[in-house]
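Mapping of the sequence shown onto the numbering used here: residues 2 to 144, in sequence order.
Some notes on the structure that comes next.
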Amino acid sequence: MAFYNKFGSILRQNILVSSITSGQSSMLNALRCMSSKLFVGGLSYGTDDQSLRDAFSNFGEIVDVRVITDRDSGRSRGFGFVSFSNDEGASSALSAMDGQELNGRNIRVSYAQERAPRSSFNAGGGGGGFRGGYGNGGGNDGF
2 MAFYNKFGSI LRQNILVSSI TSGQSSMLNA LRCMSSKLFV GGLSYGTDDQ
52 SLRDAFSNFG EIVDVRVITD RDSGRSRGFG FVSFSNDEGA SSALSAMDGQ
102 ELNGRNIRVS YAQERAPRSS FNAGGGGGGF RGGYGNGGGN DGF
């Protein structure tokens, strides 16, 4: 999915530049085939995929809905994503739903950003395996 979003943004830039320089408005029609993904934050823990889909279904054809859940508890982490089949649906949903109440919480809606690629396993993160604390024993050493 990330590949398609990146490809879509490059295609949009090229089409926009070519339509400005050549005056072809028909090139902008190609944008209608690209999907737009929205980030939805501030969700209540009771919000699931179906209730999020229901809340956004009035704005256009929805391709995918995903409420992100905690892998241990299975409970919502309070945010999710809604992908529309076209930019117009995403744009109207963003302007209409940002700041509105959904399941008792005011939600924040914005265009989703690409996630930074992860270079390698455990790169730049976490300790683990080291014995910290006082001295070499990792504890109070008899104090």
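Ideal Cβ placement from N, Cα and C applies to all residues, glycine included.
Indicate the three-state DSSP secondary structure (helix, strand or coil) for residue i in the structure shown.
i, result
"S89", "This sequence places Glu at residue 89; Ser is not what is there. If DSSP states are grouped into helix, strand and coil, E89 belongs with the helices."
"R116", "coil"
"F84", "Note on identity: in this sequence residue 84 is Ser, with Phe being the wrong assignment. Note: S84 maps to strand in three-state DSSP."
"N146", "Lying outside 2 to 144, the shown extent of the chain, residue 146 is not represented and no answer is given."
"S96", "helix"
"D65", "strand"
"S58", "helix"
"G49", "Residue identity differs from the one stated: residue 49 is Asp in this sequence, not Gly. If DSSP states are grouped into helix, strand and coil, D49 belongs with coil."
Note down the Cα distance separating residue i from residue j, rounded to an integer number of angstroms.
i, j, result
"A113", "S37", "8 Å"
"S45", "S111", "17 Å"
"N107", "D88", "23 Å"
"E115", "Q51", "24 Å"
"R67", "G105", "19 Å"
"G75", "S86", "28 Å"
"G47", "S120", "34 Å"
"G43", "G79", "6 Å"
"M28", "T70", "At M28, the pLDDT of 44 sits below 50, so the modelled position is not reliable; the number obtained from the coordinates is stated separately. The alpha-carbon atoms of M28 and T70 are separated by roughly 39 Å."
"G100", "D73", "30 Å"
"V65", "A117", "The question names Val, yet the displayed sequence has Asp at residue 65. Going by the C-alpha atoms only, they are around 21 Å apart."
"L103", "V83", "14 Å"
"S77", "D49", "7 Å"
"R109", "L53", "13 Å"
"M98", "D55", "12 Å"
"F40", "G81", "6 Å"
Under the DSSP definition of a beta bridge, which residues are partnered with residue i?
i, result
"T70", "S77"
"E102", "N107"
"F40", "F82 and S111"
Inter-stretch contact at 8 Å, needing at least 3 Cβ pairs: the region 84-94 / the region 51-66: yes
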